[in-house]
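Visitor:
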Amino acid sequence: EGLRRGGAKGPLYGVPVSIKEHIGYAGQPSTCGLVQNLDDVEEEDSVIVRVLKKQGAVVFAKTNVPQGLFCYETSNPIYGFTVNPHNRTKGVAGSSGGEGALISGGASILGIGTDIGGSIRLPASFCGIAGFKPTPNRLSMIRNRQCIDGMYSVPFCIGPMARDVDSLVYTMKALWCDEMFHLDTSVPPLYFNEKTFSSVEPLRIGFYEEDGFFQPNPSMRRVLRETKQLLAEAGHQVRGHAGPS
Numbered sequence: 001e002g003l004r005r006g007g008a009k010g011p012l013y014g015v016p017v018s019i020k021e022h023i024g025y026a027g028q029p030s031t032c033g034l035v036q037n038l039d040d041v042e043e044e045d046s047v048i049v050r051v052l053k054k055q056g057a058v059v060f061a062k063t064n065v066p067q068g069l070f071c072y073e074t075s076n077p078i079y080g081f082t083v084n085p086h087n088r089t090k091g092v093a094g095s096s097g098g099e100g101a102l103i104s105g106g107a108s109i110l111g112i113g114t115d116i117g118g119s120i121r122l123p124a125s126f127c128g129i130a131g132f133k134p135t136p137n138r139l140s141m142i143r144n145r146q147c148i149d150g151m152y153s154v155p156f157c158i159g160p161m162a163r164d165v166d167s168l169v170y171t172m173k174a175l176w177c178d179e180m181f182h183l184d185t186s187v188p189p190l191y192f193n194e195k196t197f198s199s200v201e202p203l204r205i206g207f208y209e210e211d212g213f214f215q216p217n218p219s220m221r222r223v224l225r226e227t228k229q230l231l232a233e234a235g236h237q238v239r240g241h242a243g244p245s
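Numbering (UniProt numbering), first residue to last: 1 to 245.
(1) Is the Cβ-Cβ distance between Asn144 and His236 less than 8 Å?
(2) Is Gly106 buried or exposed, if buried means 16 or more other CB atoms sit within 10 Å of its CB?
(3) Is the segment 69 to 78 in contact with the segment 170 to 177, if contact means three or more CB pairs nearer than 8 Å?
(4) From Gln215 to Gly117, what does the alpha carbon distance come to, in whole angstroms?
(5) At 4 residues or longer, and completely inside the segment 37 to 116: list those alpha helix (DSSP H) runs for me, N to C.
(6) Could you give the distance in angstroms between the alpha-carbon of Lys90 and the alpha-carbon of Asn84?
(7) Helix or strand or just coil, what does DSSP make of Ala124?
(8) Go ahead and label Val223 buried or exposed: buried means 16 or more other beta carbons lie within 10 angstroms of its beta carbon, across all protein chains shown.
(9) Under a Cβ-count criterion, where at least 16 other Cβ atoms within 10 Å of its own Cβ denotes burial, should Ala162 be classed as buried or exposed?
(10) Which residues in the same chain as Asp211 place their Cβ atom closer than 8 Å to its Cβ, once the five residues preceding and following it in sequence are excluded?
(11) State whether the segment 32 to 43 contacts the segment 129 to 137, with contact taken as three or more CB pairs (one from each stretch) at a distance under 8 Å.
(12) Which ranges would you report for the alpha helix (DSSP H) in the segment 180 to 234 if only whole runs of at least 4 residues count?
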């Protein structure tokens, strides 16, 4: 279809992209894993889908989510339980678990998930892929169904999932574009900062092991300390701080 129309080819031209089930796509329901939403078919695409299409991507699938989205396991009465492609006796975490499974299993090369408390990062970890949670409102959330209204202090955000970090970087470059900023004027019109990304200047990085409420388990504490050491050895300034309050 794109070849017939002609014109410029976007940076995601021809790339097949899967999207999390509650992201709006015209003609398809966005159920959030809830039976009561099965008949609510989207009348138009979400902004993120419109931008993907504008940049040449081919959105080909919607992927499974937990019932109501709020669960670190991907299962609901509509689509069932999503198993880990590396070990079918294990799960994929959530709530972007369908994306994690599809990408890890080789059925998708690029996916769009959402995150508020680990919903991109946990499936990426469980499935051995890469995921990125941007700062909230750096990508539009318009026409993406949510199960709970009024979540303004801790908002959802959209982010890419792929098999490697380079693909995440390329995707963010493509999504921060004029089309995104035009369709949703609440998104800050800030493009990808190539100068900052390519800089070899040392970074100043804050570090903490606990938040005053929960203690990390020994394996997590070990990984945190190993990461701190590797960052310091790479020349970065790693400074301890009290963490969020």
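Just so you know, even glycine gets a beta-carbon here, dropped at the ideal spot from N, CA and C.
Guide: Based on what the coordinates show:
(1) The criterion of a C-beta distance shorter than 8 Å is not satisfied by Asn144 and His236.
(2) Exposed is the call here.
(3) Flag = no, the segment 69 to 78 and the segment 170 to 177 do not touch.
(4) Distance between the alpha carbons of Gln215 and Gly117 is about 17 Å.
(5) Here the runs fully enclosed are 47 to 54 and 97 to 104.
(6) Roughly 5 Å separates the two Cα atoms.
(7) It is helical.
(8) Answer is exposed; the Cβ neighbour count stays below 16.
(9) Its Cβ being crowded by 16 or more others within 10 Å, Ala162 is buried.
(10) These residues qualify, in order along the chain: Gly243 and Pro244.
(11) The segment 32 to 43, when compared against the segment 129 to 137, does not touch it at the 8 Å Cβ threshold.
(12) List check, alpha helix (DSSP H) in window: 194 to 198 and 218 to 233.
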